[in-house]
Structures are given as structure tokens and as C-alpha cells.
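Participant: The opening residue of the sequence shown carries number 1 in full-length UniProt numbering; numbering runs sequentially from there.
Every residue gets a Cβ at the ideal spot worked out from N, C-alpha and C, and that includes glycine.
Model, not experiment: these values are computed from the prediction.
Structure provided below as C-alpha cells; questions to follow.
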Amino acid sequence: MRAKVTIVGAGNVGATTAHWLAMRGLADIVLVDVVEGVPQGKALDLQEAAPVMGFDVRIVGTNGYEETRGSQVVVITAGIARKPGMSRDDLLKTNAGIIEQVCREIKRYAPDAYVIVVSNPVDVLTYAAWRYLGWETRRVMGMAGVLDSTRFRTFLALELGISVKDVSAFVLGGHGDQMVPLVRYSYAGGIPVEKLIPKERLDAIVERTRKGGGEIVELLKTGSAYYAPGASVAEMVEAILLDQRRLLPAIAYLDGEFGHHGIYVGVPVILGGRGVERVVEIELTPEEREAFARSVEAVRGPLETLTLP
Ligand SMILES: NC(=O)c1ccc[n+]([C@@H]2O[C@H](COP(=O)([O-])OP(=O)(O)OC[C@H]3O[C@@H](n4cnc5c(N)ncnc54)[C@H](O)[C@@H]3O)[C@@H](O)[C@H]2O)c1
Ligand SMILES: O=C(O)C[C@H](O)C(=O)O
Numbered sequence: 001m002r003a004k005v006t007i008v009g010a011g012n013v014g015a016t017t018a019h020w021l022a023m024r025g026l027a028d029i030v031l032v033d034v035v036e037g038v039p040q041g042k043a044l045d046l047q048e049a050a051p052v053m054g055f056d057v058r059i060v061g062t063n064g065y066e067e068t069r070g071s072q073v074v075v076i077t078a079g080i081a082r083k084p085g086m087s088r089d090d091l092l093k094t095n096a097g098i099i100e101q102v103c104r105e106i107k108r109y110a111p112d113a114y115v116i117v118v119s120n121p122v123d124v125l126t127y128a129a130w131r132y133l134g135w136e137t138r139r140v141m142g143m144a145g146v147l148d149s150t151r152f153r154t155f156l157a158l159e160l161g162i163s164v165k166d167v168s169a170f171v172l173g174g175h176g177d178q179m180v181p182l183v184r185y186s187y188a189g190g191i192p193v194e195k196l197i198p199k200e201r202l203d204a205i206v207e208r209t210r211k212g213g214g215e216i217v218e219l220l221k222t223g224s225a226y227y228a229p230g231a232s233v234a235e236m237v238e239a240i241l242l243d244q245r246r247l248l249p250a251i252a253y254l255d256g257e258f259g260h261h262g263i264y265v266g267v268p269v270i271l272g273g274r275g276v277e278r279v280v281e282i283e284l285t286p287e288e289r290e291a292f293a294r295s296v297e298a299v300r301g302p303l304e305t306l307t308l309p
């Protein structure tokens, strides 16, 4: 039997995630949204692309949770997105309420699922979802690092004029302007990028990566990015469903790793059939450690304003 993946929120990120996932043909997909007709319409539209694109999965849209019963993975994209002039933290109060309600339904209908939180501010809301669900930390995670590092990789490849396939890069920390793109751990064809790109250009690329979400918001004006976010979520879902044990950046619970306790933030993890199997600790310079600590504090501040179970 095929696996089932539920995506809560059939807006830009939810629908695009469904699209990228359907193309991979890995699982049946259930799209859930509160707006009547939208998840149903988008699911049917995507289903009708199947004969042309050649995928065999079933896609269903619904306003309830009955169809989500027994899902292996649940992706939460429900909530509001920011517009120009807003920070991700401005979304906290509204989206925390939505996440609480969504987690109540997930607990009831998909009690064995792995949950990937996408709604912003994502580090804070991943922690909140973990508390609302009350599950093991390895089953609750957030998506941001795959997106932040795919942006970093894109900018590095464009700078070098080479294929993105040969560029690997790592971004550590919270999904905000304080994130820590790790130049020292970024390579092009196995060569450290520091050996290929002058420092001022690298600094500019790091800054562009940090503000990558905002750059798209300023261009779109009505909302935020969704193609690269959807593709990044699909990569994480695939890692879980196929037990790939990928080494990816994800928002995971820290219980002493990197010197931090009781917080969800972006770190390298091994992601596979048992969810976040392990946080992979890497050696950091004092400056990198300090930058990471600042990023963790930027997550802790808004987290402390929430009342959680
Ligand atoms: N983690 C990341 O890297 C990342 C990347 C992109 C976007 N995001 C975040 O993802 C969220 C969604 O972005 P978007 O562009 O898809 O927004 P969107 O407005 O296009 O879609 C959000 C959808 O959520 C639905 N919704 C609201 N309340 C709901 C509920 N209780 N149950 C089910 N559905 C509900 C809305 O009806 C809407 O269709 C935002 O918070 C955005 O900031 C995060
Ligand atoms: O920037 C946003 O508000 C959306 C998302 O977090 C992104 O990085 O694209």
C-alpha cells in the first residue's frame, strides 16, 4: 500500500509541496484547508495533471480530518504569511493559535505520524507543536535549513557560474536574519568556496542568504516564497518515507547539543524512517559559536511569550 502524506494548509506552500511530492510519486496526498472548495479544487486540478506527468498517486482535498487518518507524515503550512515590512515574528500570535488547533486534530487522526512544521516563525512554532502534540522530539521537526541552504547554494553557483549540483553548503541556526550560513563548511566540487570566491563577495552572498525570504517578500508584495520552500519540504518527506538517512539541516530539539538545552533550532541532523535520528554536532570556531548562540536567543525571546501546555 502507498504511504499517505497530509498537508495542512492548501495555500501557496501547501499546494506547491503537494505538486513537488506528486511528481516524486511517493505517496497519496491529502490537502486540508479551512476555506471551502480550495483544497478540493487544488487537489482535483493536480490529480488531473497525472496522465500528462505520469504519476500514479491519489490526491484528495478536504476541510476536515477524516481523510487524513493514519498518515505517515503530516506537513503543517497553515497560517498567515508575511507581507513587505513585516518580520516572521509578527505572525506568531495568529499562527500559534492555528498550530494549536491543527495539532489537536493530528493527535486524533494521525497519532503515529512524523510532523514537519513550516508555518512561521517556524523555529518557535515547531517547539510549540511539539508541546501541543506531546510526542517524542524525533517525530516533530521543522523545515527551514534545507531552504536556507538551497538559497545559499543557488547564490554560490550563480557567482561561480557552475552547476548547482557541484555546490554543497550548510546553514545553521534559527530561520531569521540571525541565521548562520557556514562558509567554512561550503564546497564547490570538493573545493572550499573560500578558495574560489573573494571575501567581500562571500560576505555579500551570506547576507543575501540571511535575507533570502525577505527578498522574495519584497518582490511578491502579497505573500512569501513557495517554490523553493515546497521543494525543500518534499526533500524532507522523501527522506522519511524512503528511510534515506539524509544528513540535512532541520529544526530539531537540542538537549545539550551545541551547548543549548530545551530549544528547537536549525542544526544538521540525520533524517530517516525514524524521523530525526540524531543531531550531528560539528566543530565551530568561537565566532561561529557566538553567532549560533545569538540565533538561538532570537528564537528563545518570542518562545517565552507563548503559553504552552
Ligand atoms: N519554514 C519556511 O521556510 C517557510 C517557507 C515559506 C513559507 N513559510 C510559512 O508558511 C506559512 C504558509 O505560507 P503560504 O505562502 O502557503 O500562505 P498562504 O496564505 O498561501 O496559505 C496558508 C493557508 O493556510 C490556511 N489556513 C489557515 N488557517 C488554517 C487552519 N486552521 N487549518 C487549515 N488551514 C488553515 C489558509 O486558508 C491558507 O490557504 C506562512 O506562515 C509562511 O510564513 C515558511
Ligand atoms: O520569508 C518568509 O516570510 C517566508 C519563508 O520563511 C522564507 O524564507 O521564504
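Using DSSP with H/G/I as helix, E/B as strand and the rest coil, what is E235?
Facilitator: Of the three classes helix, strand and coil, the one that applies to E235 here is helix, per DSSP.
Participant: Could you check which residue in A81, H19, V52 and F55 has the C-alpha nearest to that of P39?
Facilitator: If we check each option's Cα against that of P39, H19 comes out closest.
Participant: If you run the structure through DSSP and keep just helix, strand and coil, what is H19?
Facilitator: Helix, per DSSP.
Participant: Find the nearest neighbour of G301 within the set A188, L92 and D28, judged by alpha-carbon distance.
Facilitator: Minimum Cα distance to G301 is reached at L92.
Participant: For Y227, count neighbouring Cβ atoms within 10 angstroms of its own Cβ and tell me buried if that reaches 16, exposed if not.
Facilitator: Burial call: exposed.
Participant: For a minimum of 4 consecutive residues, which ranges assigned as the alpha helix (DSSP H) are wholly contained in the UniProt domain "Lactate/malate dehydrogenase N-terminal" (4-142)?
Facilitator: Runs found: 12-24, 38-47, 50-53, 92-109 and 122-133.
Participant: The alpha helix (DSSP H) that contains A291, what's its start and end?
Facilitator: Here the alpha helix (DSSP H) through A291 covers P286 to L303.
Participant: Ligand 2 and G214: does the residue's C-beta get closer than 7 Å to at least one heavy atom of that ligand?
Facilitator: Checking every heavy atom of ligand 2 against the Cβ of G214, one is found closer than 7 Å.
Participant: Any idea what DSSP makes of E159, helix, strand or coil?
Facilitator: Of the three classes helix, strand and coil, the one that applies to E159 here is helix, per DSSP.
Participant: I need the straight-line Cα distance from R24 to A231, nearest angstrom please.
Facilitator: Roughly 11 Å separates the two Cα atoms.
Participant: Between A169 and ligand 1, is there a pair consisting of the residue's CB and a ligand heavy atom that are separated by less than 7 Å?
Facilitator: Answer for A169: no, Cβ out of range of ligand 1.
Participant: Within the segment 184-219, note down every full alpha helix (DSSP H) run reaching 4 residues or more, in order along the chain.
Facilitator: Entirely contained in the segment 184-219, the alpha helix (DSSP H) runs reaching 4 residues are, in chain order, 199-210.
Participant: I'd like to know whether the C-beta atoms of V183 and V193 end up nearer to each other than 8 Å.
Facilitator: Contact: yes.
Participant: Nearest to Y187 by alpha carbon, out of A169, G173, T137 and T17?
Facilitator: Looking at the Cα atoms, A169 is the closest of the given residues.
Participant: Give the DSSP bridge partners of A252, in chain order.
Facilitator: Bridge partners of A252: V265.
Participant: Could you check how far apart the C-beta atoms of S87 and G174 are, in whole angstroms? I think they sit under 8 Å.
Facilitator: 12 Å between Cβ atoms; not a contact.
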